[in-house]
Amino acid sequence: MLAQVAKFKLLLDCFYPLGARLLSSFVGLRGGVILLSCCLTLPVIAADRIDNDAPSEQKVMLEKYYQQALYAYFQGDVLAALSQFSLLEQRYPQGLKNIPDYLRKQDIEPELLKGALSLSFGIEDQAAEIFQRLLVDYDSAEKRTQAWFLLGLTYYRQEQWQKASRSFGQINEAQAGDYLDVQSHDQWIYLQAQLRSLHPDMITEQGNVQDAESEQNYWQEALSADSIYHYYLKYNQALATLQSGDMQLAIGQLKALIDKPKQGFSQFVNSWFSPLISESSLTSEEQEVAHQQEIYGVLDRAKLTLAYVLLQQDQPQQAYRVFSQIRREGLDGEAAVLGYGWAAAKSDELQNALGIWQSLIQQTHFSEYTLEAYLASAYAYEKAYAPRQSVAILKTGLNRFEQALVELSETRQQVSQPGFLLQLAQDFESSQPALISSTANVDQDGALKLLVNQLGVSNEFRHYLAALQQTQTLELRLTDWQQRMAYYELMLDEREQQKLQRAQVMLQNQIFAQLPALVEQRDALAQTMIMAEQQGDAEALMAAQYQQWVERLDQAQQRLQKIETLKAQLQQPALKAEYAERLKRIKGTLVWLASEAYPDNRRQAQKALAELDQLLDKANQQQKQLLIELQGRPDYATQRQQVASIAVRIDRQLQKNQGLQKSLVKKLNQELTQLIDQQQGKVNDYILQAQLAMVRLNDQALQQNQAQGTQIPAIDIGRPPQLAPTVDEVQTP
Amino acid sequence: MTIKQAAKNAMQTAHTWYPGLSSMVRNLLVLLALGVLLASQGVKAQQNDDTSQTLSVQEQLQALKKEVIALNRDLFVLEEDLLFPSSTQLVVYLAMDVGTYFDLDSVEVKLDGKTVTHYLYTEKQQEALVKGGVQKLHLANLAQGEHEISAFFIGKGPHEREYTRATSLVFTKSADAKLLELRIVDSSASQQPEFSVIEL
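Chains as they are written, first to last, in our numbering: chain A, 1 to 733; chain B, 1 to 200.
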């Protein structure tokens, strides 16, 4: 029973590139990702027996609909597959229960497939309804395991955490091991761990875990050895420990996570990637880069967290080392550089700190880290007893802050332009971390790009953006259908015209006048037959060949007569009598033949006449019907009504879609505007801080000058140290 | 999409989930603690605020998608009625069995000697056929009466050899829709693929 295992491939990225929202910025690093990759392994599930009484034509059609749905599904065309399912169920309401076993080549249970496709297409309500119904119907453990798992995923996407947890909780470890494949099993483990970490009360509900640490260990052990979820669980575990206040334990956990790749990263990569390379249609290089980037991203975040914890624990030297391992090109690169400077400053290496921050200051783009570097540098100069340099850097900073405000103002204008968000959604790729890529053609690419990408890490924002993109896809489809409806209306008009023209041509050519003439001919033939019958003229009913023979005989007799006449005129001897006798014999033979064939000929003639009568009668009726139709106007009322009805529905959906699109644009615009407001507030705060510091420093410098009468020399800040990536073979996309 | 592709998508999208760290300069230590707190509590609060709107958008989008599926279905029915009425309709399906002995590259279909379809198959399409899918290869209008259909299959046969085979069928089109199926079946006895056209 367990030997046959099949896989459902949910195409979640098609319409839900981000799946459910992330549970937490820190804790739920992996949460939404799971749904994107929900690849399910479903066991063999026996179908209900096919109804043997059903007409074979219906069975054939049912199978063809289902097989076409499979064809679409295996190619990743979710909409086509769901439409085929819809068509099947419209024609055969109980059809999915009657799919024959021989069509389950991949051991796919049809109804579960429909539910999974619904989930993939983003129709969670429908998916949940299907899974709940199936759970009532199913009795085998394997069916139920699959259904509970899918239902749990559905609830997770719907953000119904309690229900999701309860659904996952219906599966025990043994069932999960038996009936879920490794990938699905890992997802099941990770999602439960996520739910428990956010809702500790669920632990008591489950009643199977004693404390957080043992629970985390339990999850870690339950995951497969090669699972990437290990990274996320470890990181989340360390954060939970931090939250509990046990800094030393948290540091140990973070260090363990960071050290893991050094112990066997290559081995991990190979074992993780090789199956993908062999089966996926995507290039192995792309996959490898994506996997590496994901792992490096998690490690960067872990290092950043560890470094700041070490700073907090007054271990700046160690923090300094950890900061230096964070990739500069990663998402946490600038944050790491800023912290790197702070670690140096805390170690009393002010020169180094200034050099590090200088590297941020030299960045031309807008970023809170580049701006804060001015204040940090001023702090370092002040600490190094260089108030003039501190004032100088603050002055430069003030100019930069003013410039940042201008950039933010321009960004606000650009964001409010109609079409900006629509274009952003159109270009949105769920697989790309940046909403605006570095190669994107954006005029104001400084602050705008930064802010949009900054907001792009918000799951909420990406969720709305994905929804907007989906409405755009739907709009395109609906518009295409709208055009098709217009085309069909025109087509019906044309058909009507063509039909009218054909009728006119037929009437003009007097095609219908030919039938009475044919009837007249038939009547004449019938009359001939009656005459032949009355007169006993058997020759009249003989075939054409016979008539030819008779004709030839007549010609021969005439010729003989002529020869005899001419011979008499020329006084030549007459022909031998045997010529005439020969012709007489032939004539006699013909008469005998006609006489012999007469009864058969008469019978056949009567039969043929009767058939001809029937045909003429039928033709007459058809002609009358045709004449009635031709005289009336062509009627396509039913088709027109169908077209009009669908056109109205399309228009209605287009309107709804546009309404939804507007509200999404409004929401996204609000989010962006809010972020710009926050950034402006932050920059204004920097300005205020800088101005206050300048006043204070100017005062100090004045007092210092007055006291010493000398000028403070500038400090050589030197070159900023280089950041080194953790692993040498880092590939940048 | 294969299971591996889905896994790949998951990993590609993973970096989109990294949360941004807010200001770290002002008070690093406080910030770190705040960050962790935000992880567990702030988000919960945010969820409550945003849930109503999120659900509303989700519900609207779901309703829209449901209606799009229903529209697609009805459009399919309408188009068949309008363009291919059953009195003249001819449907040619293509089905494939295991596929051990034959890798399908292309199929050419001729009706009464005229080429009506020439289809090239991708790996994914071939895979879909082998897994039990059926392709509606040709849909057309055909006059009632006797006709002949011929199908030419090109691909790779046993031992990776180029393989071209043909099959044909004479059939009678009546007033009802005519369904034909081109079948490629592995024959374990001959260890060769077998091709046929059948009337459904």
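The beta-carbon is built from N, C-alpha and C at its ideal position, and this holds for glycine as well.
These numbers come from a predicted model, not from an experiment.
Item: Quick check: is the beta carbon of T72(B) nearer than 7 Å to any beta carbon in chain A?; Value: First, the residue type needs correcting, since residue 72(B) is Asn and not Thr in the sequence shown. Answer yes: the Cβ-Cβ gap between N72(B) and chain A drops below 7 Å somewhere.
Item: If you reduce the DSSP assignment to three classes, tell me which class S87(B) lands in.; Value: coil
Item: Determine the chain A residues that contact E80(B) at a beta-carbon separation under 7 Å, and present them in chain order.; Value: Those do not exist, as E80(B) stays about 10 Å from chain A at its closest Cβ, beyond 7 Å.
Item: Identify the contact partners of V127(B) in chain A, using a Cβ-Cβ distance below 8 Å as the criterion.; Value: One detail in the question is off: residue 127(B) reads as Glu in this sequence, not Val. Here the neighbours are F74.
Item: Looking at the unbroken alpha helix (DSSP H) that takes in L198(A), where does it start and where does it end?; Value: V182 to L198
Item: Along the chain, where does the alpha helix (DSSP H) containing Y92(A) start, and where does it finish?; Value: No alpha helix (DSSP H) contains Y92(A), which DSSP labels as neither H nor E.
Item: For T117(B), tell me which candidate among E108(B), E123(B) and H159(B) has the shortest Cα-Cα distance.; Value: E108(B)
Item: Taking 7 Å as the threshold (beta carbon to beta carbon), is F401(A) in contact with chain B?; Value: no
Item: Evaluate contact between the stretch 338-345 of chain A and the stretch 321-328 of chain A, counting only Cβ atoms and requiring at least three cross-stretch pairs below 8 Å.; Value: yes
Item: For E124(A), go through chain E and note every residue whose CB falls closer than 9 Å to its CB, in chain order.; Value: Although the question refers to chain E, the structure presented lacks it and instead comprises the protein chains A and B.
Item: Considering only residues of the same chain and omitting the five flanking positions on each side of A222(A), which have a CB-CB separation below 6 Å?; Value: I189
Item: Once the 5 residues before and after A605(A) are set aside, which same chain residues still bring their CB inside 7 Å of it?; Value: M529 and L541
Item: So A373(A) and L331(A) are supposed to be a Cβ contact under 8 Å. How far apart are they, rounded?; Value: In fact, because the Cβ distance is near 18 Å, the residues do not count as touching under 8 Å.
Item: Counting pairs of Cβ atoms below 8 Å between the stretch 647-665 of chain A and the stretch 534-552 of chain A, do you hit three or more?; Value: no
Item: With the cut-off set at 7 Å, would you say V170(B) and L182(B) are in Cβ contact?; Value: no
Item: List, in chain order, every chain A residue whose beta-carbon is nearer than 7 Å to that of E199(B).; Value: None at all; the shortest Cβ gap to chain A is about 10 Å.
Item: What would DSSP say about S367(A), mapped onto helix, strand or coil?; Value: coil
Item: What are the partner residues of P193(B), as DSSP defines its beta bridges?; Value: D186(B)
Item: Measuring alpha carbon to alpha carbon, tell me which of D74(B), V57(B), L94(B) and S106(B) ends up nearest A644(A).; Value: D74(B)
Item: Using a Cβ cut-off of 7 Å (strictly closer), state whether Q135(B) contacts chain A.; Value: yes
Item: Would you verify that the beta carbon of G157(B) is, or is not, closer than 7 Å to some beta carbon of chain A?; Value: no
Item: Consider the Cβ of Y747(A): report whether some Cβ of chain B lies at a distance smaller than 7 Å.; Value: Lying outside 1 to 733, the shown extent of chain A, residue 747(A) is not represented and no answer is given.
Item: Roughly how many whole angstroms lie between the Cα atoms of V185(B) and A225(A)?; Value: 41 Å
Item: Helix, strand or coil for T122(B) per DSSP?; Value: coil
Item: So which residues on chain B does Y488(A) lean against when the C-beta distance must stay under 7 Å?; Value: L82
Item: So, is the C-beta of Q642(A) closer than 7 Å to a C-beta in chain B?; Value: yes
Item: Roughly how many angstroms lie between the CA atoms of Q318(A) and A307(A), to the nearest whole one?; Value: 8 Å
Item: Put Y163(B) into one of helix, strand or coil per three-state DSSP.; Value: strand
Item: May I ask which residues mark the beginning and end of the beta strand (DSSP E) holding G145(B)?; Value: G145 to K156
Item: Compare the beta carbon distance of Q58(A) and Q84(A) with 7 Å and say whether it is the shorter of the two.; Value: no
Item: Go to D103(B), then tell me how far its beta strand (DSSP E) extends in each direction, as first and last residue.; Value: D103 to L111
Item: What residues in the stretch 617-646 of chain A bring their beta carbon closer than 8 Å to a beta carbon of chain B?; Value: Q639, Q642, V643 and I646
Item: Let's see if you can read the secondary structure: which residues bound the beta strand (DSSP E) around N141(B)?; Value: V134 to N141
Item: Please classify Q126(A): is it buried, with 16 or more other beta-carbons within 10 angstroms of its beta-carbon, or exposed?; Value: buried
Item: Just the C-alpha distance for N172(A) and Y138(A), rounded to the nearest angstrom, thanks.; Value: 17 Å
Item: Using 7 Å as the limit for Cβ to Cβ distance, is L744(A) near chain B?; Value: The first residue shown for chain A is 1 and the last is 733, placing residue 744(A) beyond what the model contains.
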